[in-house]
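Line by line, the protein sequences are chains P and U.
Residue numbers for the first sequence follow our numbering, so the first one is 1 and each next one is one higher.
Residue numbers for the second sequence follow our numbering, so the first one is 1001 and each next one is one higher.
For glycine and all other residues, C-beta sits at the position ideal for the given N, C-alpha and C.
Worksheet: the structure to be examined is printed underneath.
There are 2 protein chains.
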Amino acid sequence: MAVTLADVAARARVSAATVSRVLSGNYPVAAGTRGRVLRAVEELAYVVNGPASALAAASSDLVGILVNDIADPFFGIIAGAVQTELSGAAQGGEKLAVVCNTGGSPERELTYLTLLQRQRAAAVILTGSASEDAAHARALTATLARLAEAGTRVVLCGRPTGVAAAAEATGAVPGESQGAEETREPGKARGAGKTPEADEAPPRVPLTALTTLAFDNRGGARQLTAHLIGLGHRRIGCVAGPAGRTTTGERLAGHRAALAAYGIEDTPRRTVHGAYDRASGYDAAAELLRREAGLTAIVAANDTAALGVCAAVRDRGLRIPEDVSVAGFDDLPFSVDATPALTTVRLPLQETGARAGRLAMGREERPPGGLATLRAELIVRASTSVPCP
Amino acid sequence: MAVTLADVAARARVSAATVSRVLSGNYPVAAGTRGRVLRAVEELAYVVNGPASALAAASSDLVGILVNDIADPFFGIIAGAVQTELSGAAQGGEKLAVVCNTGGSPERELTYLTLLQRQRAAAVILTGSASEDAAHARALTATLARLAEAGTRVVLCGRPTGVAAAAEATGAVPGESQGAEETREPGKARGAGKTPEADEAPPRVPLTALTTLAFDNRGGARQLTAHLIGLGHRRIGCVAGPAGRTTTGERLAGHRAALAAYGIEDTPRRTVHGAYDRASGYDAAAELLRREAGLTAIVAANDTAALGVCAAVRDRGLRIPEDVSVAGFDDLPFSVDATPALTTVRLPLQETGARAGRLAMGREERPPGGLATLRAELIVRASTSVPCP
DNA sequence: CTCGCGATAGAAAGCGCTTACTGAATCTGC
DNA sequence: GCAGATTCAGTAAGCGCTTTCTATCGCGAG
């Protein structure tokens, strides 16, 4: 039915081996022969059988990317950057990105990881926040370890917990992430010296196959809240992200750290959790305002939620930023176009995605210790101002 | 190194065939045996080797989705819906979505298609507008034909040209798309009767493997412009999408059809082309206003561009909608939150994506003639109103 | 001249899994 | 109880490609 290597070989009057060599190009083939083969390939419109070559060569050109929500620009930007990097490199050959939508579900995350392992993916990139549930963290670590063991490169993009758990599993102790673009050594990896006798040793997580690119969520949130406090705000509401997720925890911690630094009391009633969408932002802000009408500022879980917050504030007849300042997070493309333009914290999404892509292709060296924390930058725009009492 | 079927078989004290049968579950295996096998699989943490099984079974569980820009919610929504559908079905097994970012480049489109063919993808879904370039259309048709011939299901989602070209290639003549949710028979497919002698016949495009889900861009645009005209607007600017793309052409045609229906003269200077992003919208609107300060309304290529249009209008000191009405297209999630909320045309993105997913899995019957045009719905919000002279 | 070496091309052994075929029990109905 | 239907498990032949290991051909060195 389909054209195979053998067909090409027959047509070019060479052996299958030669055709294979011409196509993979890692073996000397005389120019004339190569030409004949290439012509035959052309004439027969031959396309390599991926599964077959993956089986024979024990390697594949698939790279998996796990995202929480593919319709969310946050992930779209990262995924886009990754893919550009994957296909940009002539060297190493075109890789195919497999984007998997977990919807934030730990189970689906595991399912996809297994599916990717089944495909013998060359690399796997996990993006976005992770569940803080211990049981899931353990299961995830185990799966990641199996993947790494099978030679799949693993890159965690914006999720520190993973590496912490994995490192913990191997006894290494990563320092507390905090600085920006700092990289630290979580204790030298134990020498992987060949121990012929220890053939039955428990499979240790090859930490060297795991790289983490973390966002400085905590620092960014701290800066943002500090900015608000600097403007004179004292009653600041917080629309936090989904409960039980690493990113939510980090941003909340930064927010509270700023509050604490300025000696401002923080009460639970000024925090409401919600998803990263407009409706959640709207509901959360409405709830916040109901609880305490005197709030002068609200920080949202991200820019999308901030849009909902703005709508809720306005529906209450309040002006932004005169009555209530509103701030987002992530600096998604549309936030500059919101009215008023959103003050937010910019995360280097594009850059991080590209870096993750390079790491996945093995085209970039992993940072020392396998961990790099990327700077978050405060972007002040029109949605925040001094409170007008 | 890795655990194989044979290892599991040995551990369960059965043959490899039996393990395979238990795992794929399409052959009777005694309950006891099945239990032993499953236990062994569990104990050894066995994961099927995808490439190997794909090779042996001559089938894969990969489904490719081509999008113009993965960071654009338009595609994100479609892709998300597709993926939900792919993994939602217990029946037929979990499929893996491979999302490919073409960036709107015809070459990359072809490249990805070849890459997917190499992986022997079970199905391929092409979304978004296509290039109107004839040479590319031909190349695309040829590639699609090869894919279809190899048994890959092909679904075109929001791009009518593809099927037209393919149909043309087989001699069928699809009627002019126009109605909403109408489906029509582009001439009965030629009987595919088995002709033993014709074994060397030129490979005909198996049209039955191709399905098109088209958006009624023309109708939507017509409604939108008619709405504007109905409000009293006569000088309407148009920020069209990228030149040379099917979607752009369709929307423009609808716009002009409405204009013509009301006897309003259309001049080229009221149309400017641009990309589907905010910056393009901004620039295009600025240009339009420079050319003709008296415009009372502007329709944008899509919601994202509309955001830019709004910004440009405001920067000129004009109010929306009092001085200039602005309308978008697609009804992306954020458009309801724009200020003022955007009047736009809703496209059933989610629904279409889901349908494409089902079609790709072979879980839904293709519409008669392989073509279904999906209704576009005018959504009137606050950004359009009667012109205030 | 003959030997040996570099440069190429071919032969063949799998890679791990699926799936006809077979084969051996265990059931049916008479 | 026995022929024939059933049910379940094993055998083995590939799927299409990669990759050793060999073989051949020239050609300059000895």
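Is it right to say residue i is buried, meaning 16 or more other beta carbons lie within 10 angstroms of its own, or is it exposed?
i          : result
P:Glu-43   : exposed
U:Asn-1026 : exposed
P:Asp-315  : exposed
U:Gly-1250 : It is worth fixing the name first, because residue 1250 of chain U is Glu in this sequence and not Gly. Counting Cβ neighbours within 10 Å, U:Glu-1250 comes out buried, since at least 16 surround it.
U:Met-1361 : buried
U:Tyr-1112 : buried
P:Ala-45   : exposed
U:Ala-1017 : exposed
U:Thr-1267 : exposed
P:Gly-294  : exposed
U:Arg-1138 : exposed
P:Val-22   : buried
P:Tyr-262  : exposed
P:Pro-367  : buried
P:Val-47   : buried
U:Gly-1158 : buried
Using a Cβ-Cβ distance under 8 Å, would residue i count as near chain U?
i         : result
P:Phe-329 : no
P:Gly-191 : Reliability fails at P:Gly-191, whose pLDDT of 34 lies under 50, so the model's placement of it is uncertain and the value that follows must be treated cautiously. It does not; no Cβ of chain U falls within 8 Å.
P:Gly-254 : no
P:Ile-77  : yes
P:Pro-73  : yes
P:Leu-55  : yes
P:Ala-135 : no
Output needed for residue i: all residues of its chain with C-beta closer than 6 Å, excluding positions within five of it in sequence on either side, in chain order.
i          : result
P:Gly-80   : none
P:Glu-94   : Ser-87
U:Ala-1297 : Leu-1228, His-1233, Ile-1236 and Ser-1325
U:Leu-1062 : Leu-1096, Val-1098, Gln-1119 and Ala-1121
P:Ala-346  : Reading the sequence as shown, one finds Arg at residue 346 of chain P and not Ala. Closer than 6 Å at the Cβ level, and outside the excluded window around P:Arg-346, lie Asp-331, Glu-377 and Ile-379.
P:Arg-269  : Arg-291
P:Gly-12   : One point to set straight first is that residue 12 of chain P is Ala, not Gly, in the sequence displayed. Only Arg-36, Val-37 and Ala-40 meet the Cβ criterion.
P:Arg-222  : Gly-254, Ala-257 and Ala-258
Which chain U residues are close to residue i, counting only those with a beta carbon under 7 Å from its beta carbon?
i         : result
P:Ser-60  : Pro-1051
P:Ala-9   : Neighbours of P:Ala-9 on chain U: none; closest Cβ ~18 Å, over 7 Å.
P:Arg-146 : Ala-1045
For residue i, decide whether its Cβ has a neighbour in chain P, counting only Cβ atoms nearer than 8 Å.
i          : result
U:Ala-1372 : no
U:Ile-1125 : no
U:Gly-1357 : no
U:Thr-1339 : yes
U:Thr-1114 : yes
U:Glu-1109 : no
U:Glu-1176 : With a pLDDT of 35 at U:Glu-1176, under the threshold of 50, the modelled position of that residue is not reliable, and no figure is offered here.
U:Ala-1017 : no
U:Val-1099 : yes
U:Gly-1080 : yes
U:Gln-1223 : no
U:Ile-1379 : no
U:Ala-1311 : yes
U:Lys-1194 : Residue confidence for U:Lys-1194 is low, a pLDDT of 34 falling below 50, so the modelled location carries little weight and cannot support an answer.
Show which residues of chain P have a CB atom less than 8 Å away from the CB atom of residue i.
i          : result
U:Leu-1307 : Phe-334 and Asp-337
U:Pro-1321 : Under the 8 Å cutoff, chain P gives no residues; its nearest Cβ is about 14 Å from U:Pro-1321.
U:Glu-1094 : Thr-111 and Leu-115
Since residue i meets chain P, which of its residues come closer than 9 Å, beta carbon to beta carbon?
i          : result
U:Leu-1228 : Result: empty, since nearest Cβ-Cβ is about 22 Å, beyond 9 Å.
In chain P, which residues lie with their C-beta within 7 Å of the C-beta of residue i?
i          : result
U:Val-1047 : Thr-114, Gln-117 and Arg-118
Mind listing the chain U neighbours of residue i? Cutoff is C-beta to C-beta under 8 Å, in chain order.
i        : result
P:Ala-2  : Ala-1150
P:Ile-70 : Ile-1070, Gly-1076, Ala-1079, Gly-1080, Gln-1083 and Val-1099
What does residue i touch in chain U if you count any residue whose Cβ is under 9 Å from its own?
i         : result
P:Arg-278 : Pro-1333, Phe-1334, Val-1336 and Asp-1337
Who are the Cβ neighbours of residue i in its own chain at under 8 Å, not counting the five residues just before and after it?
i         : result
P:Ala-354 : Ala-81, Val-82, Thr-84 and Glu-85
Leaving out five residues on either side along the sequence, give the residues of the same chain with a beta carbon under 7 Å from the beta carbon of residue i.
i          : result
U:Arg-1108 : Thr-1102
Q) What are the uninterrupted segments assigned as beta strand (DSSP E) that are 3 or more residues long and contained completely in the stretch 1269-1352 of chain U, given in chain order? A) 1271-1273, 1297-1299, 1325-1327 and 1344-1346
(Q) So within the stretch 1017-1093 of chain U, which uninterrupted alpha helix (DSSP H) runs reach at least 4 residues, ignoring any that extend past its ends? (A) 1031-1044, 1050-1057 and 1073-1088
Q: Mind listing, in chain order, the continuous beta strand (DSSP E) runs of no fewer than 3 residues lying wholly within the stretch 99-157 of chain P?
A: As far as the stretch 99-157 of chain P is concerned, its whole beta strand (DSSP E) runs of at least 3 residues are 123-127 and 153-157.
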